[in-house]
Amino acid sequence: MQVKTAPDEIQAYLIDASNMPGGHAEKLFVPETADEVAEILRAANQNSTPVTISGARTGTVGGAIPFGGYVISLERLNKIKSIDRGSRAAVVEAGVILQDLQRLVESEGLFYPPDPTEWSCQIGGTIATNASGARSFKYGATRGFVKRLGVVLADGDTATIRRGEIISENGFLEVKTDTGRVIRAKLPTYPQPDVRKNTSGYISGESVDAIDLFIGSEGTLGVIVEAELELFTKPESFFSGIVFFADEHDLLDFVAAVRDASFANRQFPNPQSRIRNPVGASLIEYFDDRALKFISEKFPDVPADAAGAIFFEQETTSENEDELLSAWNEFLERHNADVEHSWFTTTDADREKLREFRHALPVTVNERIVRNKQKKVGTDMAVPDRNFASFLRFYKEKLTASGLEYVIFGHIGDNHLHANMIPKNDEEATIARHLYGRFIAQSIMLGGTISAEHGIGKHKSKYLYVQYGERYVNEMAELKRAFDPKGILGRGNLFDFGF
Ligand SMILES: Cc1cc2nc3c(=O)[nH]c(=O)nc-3n(C[C@H](O)[C@H](O)[C@H](O)COP(=O)(O)OP(=O)(O)OC[C@H]3O[C@@H](n4cnc5c(N)ncnc54)[C@H](O)[C@@H]3O)c2cc1C
């Protein structure tokens, strides 16, 4: 195991994609086995030394940034232990890079759907944040793919948690560690918001599986060292496109039509029982007019007068491809898409280019933010279907009136857009932060969530109070204490420092 203390060796572990300043740590540990992770935690727990868990640090909310104590980097726990085609399962260590797993899985004719747009993240990081992304529209977040977890707890004890084995009863979960100790934890009682994606705080509910408590716990309950993941059979082929619209109403009507058809066909997959048409998108992503202009320097083929664009993907087979292509065509024509200037493909190589276009947007925003020497102010809220159009209007009205540079893009299929404000100076940064607070309030008022996929981390801990109120944040803190009585893990994540 490597242990580093020299500031220049630790420096890269003090930042993540949030660009949050002030990170510092005494020591960086780079363990190679789960036993070494346990050894570090045993010592840290005895001394009450805070421990921050570091994945690939692509998180956007400062979750992996340490403010004192030790950092444990999982980068050397990076073995793909097995990929079993028969049971369609992969066993991986936490530090495996998502893209490496996806490539290997695909070479076996299989498919691991979680796709948080940033493919350099680690599997452990995606589980700790319950990452989701474009394809979550069809497949849901990472949670749905995790069958088993190996976890090292705050005091160095370990636990193996299999899906379906430990379910809460009367609001309590009882987790047995590998040494036979039983941790009894009371679950929070807040109702989950009425949205399809939510990463605001610990899971709650009537019947909670212990594995789901660790998924999305943002490094506050234990270190995930190993995971068994469910795989799917790789879809035969894809039809995908980036479609431009001159009128935003047409674009929004198109999205509603695609979303309704996709949900209806998921509910009634048998062609005889289909109620509309066979369209079934696996992803529906949005770019507003400003996002298109922002990125047109890198992609000059973007039509100059587009009011917005939609990136979609449809899985196809040789039997249904013709039927599906004509169904999409019908939708596109009915909603006045600018088909002539849009981009369509059925090849893997061109599909990669479309995905790169989608990926390039947040990356370019981050580059600009760094160049402006400012912190990113980006929203991650989702609202119920019925309130999406009004929330988008609210975003645009307030942002346009503010005079800030901004782009809006993201997972429109799940009513979950990122409004990224790009302040040029400190004064604009203050305006952006005020606006962010207004968006939080509006989202909560509309029954939404303050974080649909990026998590709370250190950036948004104060807003958890706004979403849930003190009583429920106290319930979360009580649950954390059951697993980490000294509060050493992920200090500052979810809860304010000193909570
Ligand atoms: C350009 C860009 C686009 C993005 N798009 C999306 C998107 O569409 N959807 C989405 O969900 N996210 C997105 N993200 C955010 C990010 O990629 C995800 O949050 C990712 O899952 C984090 O993985 P990581 O390995 O980088 O974790 P880190 O950033 O290193 O850590 C994230 C959190 O998880 C904890 N953690 C990490 N590893 C472990 C472990 N083994 N055990 C316990 N806790 C751990 C850390 O302490 C921290 O709190 C994007 C990021 C970028 C830069």
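Sequential numbering of the sequence shown, starting at 534, is according to my numbering.
Each residue gets a CB set at the ideal place from its N, CA and C atoms; glycine is no exception.
None of these values were measured; they are calculated from a predicted model.
1) Let me know if Ser620 comes out buried or exposed under the rule of 16 or more other beta-carbons within 10 Å of its beta-carbon.
2) Is the beta carbon of Leu754 within less than 6 Å of some heavy atom of ligand 1?
3) What residues match up with Gln632 in a beta bridge as DSSP calls it?
4) Does His992 come out as helix, strand or coil in the three-state DSSP assignment?
5) Do you know how far the Cα of Lys1019 is from the Cα of Leu925?
6) Helix, strand or coil, according to DSSP, for Leu764 in the structure here?
7) Within the chosen definition, does the region 931-945 reach the region 991-1000 through at least 3 CB pairs nearer than 8 Å?
8) Pick helix, strand or coil for Trp876, following the three-state DSSP scheme.
9) Quick one, are the C-beta atoms of Val758 and Gly683 less than 7 Å apart?
10) For chain C, is any of its Cβ atoms less than 7 Å away from the one on Ala558?
11) Mind checking which residues open and close the beta strand (DSSP E) that includes Ala622?
12) Kindly confirm or deny that the region 600-617 and the region 714-722 touch, where touching means at least three C-beta pairs closer than 8 Å.
13) Does Gln489 pass the burial test, meaning 16 or more other C-beta atoms within 10 Å, or should it be called exposed?
14) Does the distance from the C-beta atom of Ala965 to that of Thr912 stay below 7 Å?
15) Can you give me the C-alpha to C-alpha distance between Phe705 and Leu637, rounded to a whole angstrom?
16) What are the residues that DSSP puts in a beta bridge with Arg676?
17) Is any heavy atom in ligand 1 found nearer than 6 Å to the beta carbon of Gln632?
18) What's the call for Asn731, buried or exposed, on a 16-neighbour Cβ count within 10 Å?
19) Report back the beta-carbon spacing between Phe820 and Leu894 to the nearest angstrom; my notes put them in contact at under 8 Å.
20) Whose CA, out of Leu634, Leu547, Thr650, lies closest to the CA of Phe644?
21) Helix or strand or just coil, what does DSSP make of Arg807?
22) On the three-state DSSP scale, how would you describe Asn731?
23) Would Ala1037 and His949 qualify as a contact pair, given that the criterion is a beta-carbon distance under 7 Å?
24) Could you tell me the distance, in whole angstroms, from the CA atom of Lys1097 to the CA atom of Thr753?
25) Can you give the Cα-Cα distance for Arg729 and Phe877, rounded to whole angstroms?
26) Kindly list the residues whose CB is nearer than 6 Å to the CB of Val756, restricted to its own chain and excluding five residues on each side of it in sequence; keep chain order.
27) With three or more C-beta pairs closer than 8 Å as the rule, is the region 840-853 touching the region 767-776?
28) My output table needs one value for Ala934: the three-state DSSP class, helix, strand or coil.
29) So, for Val788: in the same chain, excluding its five sequence neighbours on each side, which residues have a beta-carbon less than 8 Å away from its beta-carbon?
30) How many Å lie between Tyr928 and Val835 at the Cα?
31) So if DSSP puts Asp742 in a beta bridge, which residue, or which two residues, is it bridged to?
32) Starting from His892 and walking both ways along the beta strand (DSSP E), at which residues does that stretch end?
33) Distance, Cα to Cα, Asp711 vs Pro583?
34) Write down every uninterrupted run of the beta strand (DSSP E) in the region 946-1008 whose length is 3 residues or greater and which is fully enclosed by it, in chain order.
Put simply:
1) Taking the first residue of the sequence shown as 1, we reach residue 620 at position 87. Taking a 10 Å sphere around the C-beta of Ser620, we find fewer than 16 other C-beta atoms and assign the residue as exposed.
2) Here residue 754 refers to the residue found at position 221 when the sequence shown is read from its first residue. Not so, every heavy atom of ligand 1 lies at least 6 Å from the Cβ.
3) Looking up residue 632 in the sequence shown gives position 99. Looking at the DSSP assignment, Gln632 forms no beta bridge with any residue, so it has no partner.
4) Taking the sequence shown and counting its residues from 1, one reaches residue 992 at position 459. His992 falls in the coil class under three-state DSSP.
5) Sequence index remark: in the sequence shown, residue 925 carries index 392 (1-based). Sequence index remark: in the sequence shown, residue 1019 carries index 486 (1-based). Roughly 42 Å between the two C-alpha positions.
6) As a working mapping, residue 764 is identified with position 231 in the sequence shown. Coil.
7) Two segments are said to touch when three or more pairs of C-beta atoms, one from each, lie closer than 8 Å; by this definition the region 931-945 does not touch the region 991-1000.
8) Counting from 1 along the sequence shown, the entry for residue 876 is found at position 343. Per DSSP, reduced to three states, the secondary structure at Trp876 is strand.
9) To locate residue 758, count along the sequence shown from 1; it is residue 225. To locate residue 683, count along the sequence shown from 1; it is residue 150. Yes.
10) Looking for chain C here will not work: only one protein chain is present.
11) Counting from 1 along the sequence shown, the entry for residue 622 is found at position 89. Where Ala622 is concerned, the enclosing beta strand (DSSP E) stretches over 622-626.
12) As far as the Cβ criterion goes, the region 600-617 does not touch the region 714-722, which means the pair count is below three.
13) The requested residue 489 is not part of the displayed model; the chain covers only 534 to 1032.
14) Against the sequence shown, residue 965 aligns to sequence position 432. Against the sequence shown, residue 912 aligns to sequence position 379. Cβ atoms of Ala965 and Thr912: not closer than 7 Å.
15) Stepping through the sequence shown from its first residue, residue 705 is reached at position 172. Stepping through the sequence shown from its first residue, residue 637 is reached at position 104. Cα-Cα distance, rounded: 39 Å.
16) By 1-based counting over the sequence shown, the position of residue 676 is 143. According to DSSP, Arg676 bridges with nothing at all.
17) Position 99 of the sequence shown, counting from 1, holds the residue named residue 632. No, ligand 1 has no heavy atom inside 6 Å of this Cβ.
18) Locating residue 731 in the sequence shown gives position 198, where the first residue counts as 1. Asn731 counts as buried, since at least 16 other C-beta atoms from the protein chains shown sit within 10 angstroms of its C-beta.
19) As a first step, residue 820 must be located in the sequence shown, where it is residue number 287. As a first step, residue 894 must be located in the sequence shown, where it is residue number 361. Your pair Phe820 and Leu894 checks out as a contact, with CB atoms roughly 7 Å apart and the cut at 8 Å.
20) On the sequence shown, residue 644 is found 111 positions in, with the first residue counted as 1. It is Leu634.
21) As a first step, residue 807 is located in the sequence shown; it is residue number 274 there, counting from the start. Note that Arg807 scores a pLDDT of 49, beneath 50, so its modelled location is shaky; the value from the coordinates is reported in the next line. In the structure shown, the three-state DSSP call for Arg807 is coil.
22) Taking the first residue of the sequence shown as 1, we reach residue 731 at position 198. Coil at Asn731, not helix or strand.
23) A question about residue 1037 goes unanswered here, because the residues of the chain that appear run from 534 up to 1032.
24) Only positions 534 to 1032 of the chain appear in the structure, and residue 1097 is not among them; the question remains open.
25) Here residue 729 is taken as the residue at index 196 of the sequence shown, counted from 1. Here residue 877 is taken as the residue at index 344 of the sequence shown, counted from 1. Our two residues, Arg729 and Phe877, have alpha carbons roughly 28 Å apart in a direct line.
26) Within the sequence shown, numbered from 1, the residue matching residue 756 stands at position 223. Excluding five sequence positions before and after Val756, the CB atoms of its chain that fall closer than 6 Å to its own CB belong to Val570, Ile586, Val685, given in chain order.
27) Flag = yes, the region 767-776 and the region 840-853 touch.
28) Indexing the sequence shown from 1 puts residue 934 at position 401. Helix at Ala934.
29) Start at 1 with the first residue of the sequence shown, and residue 788 comes out as number 255. Here the set comprises Ile817, Tyr819, Ile843, Ile945, Gly946.
30) Residue numbering aside, residue 928 sits at position 395 when the sequence shown is read from its first letter. Residue numbering aside, residue 835 sits at position 302 when the sequence shown is read from its first letter. Approximately 23 Å between the Cα atoms of the pair.
31) Translated into the one-based positions of the sequence shown, residue 742 becomes position 209. Its beta-bridge partners are Ile700.
32) Reading the sequence shown from its first residue, position 359 is the one you call residue 892. Careful: His892 lies outside any beta strand (DSSP E), inside the alpha helix (DSSP H) at 881-904.
33) As a working note, residue 711 is residue 178 in the sequence shown. As a working note, residue 583 is residue 50 in the sequence shown. When the Cα atoms are used, Asp711 and Pro583 turn out to be separated by approximately 23 Å.
34) Correct list: 949-954.
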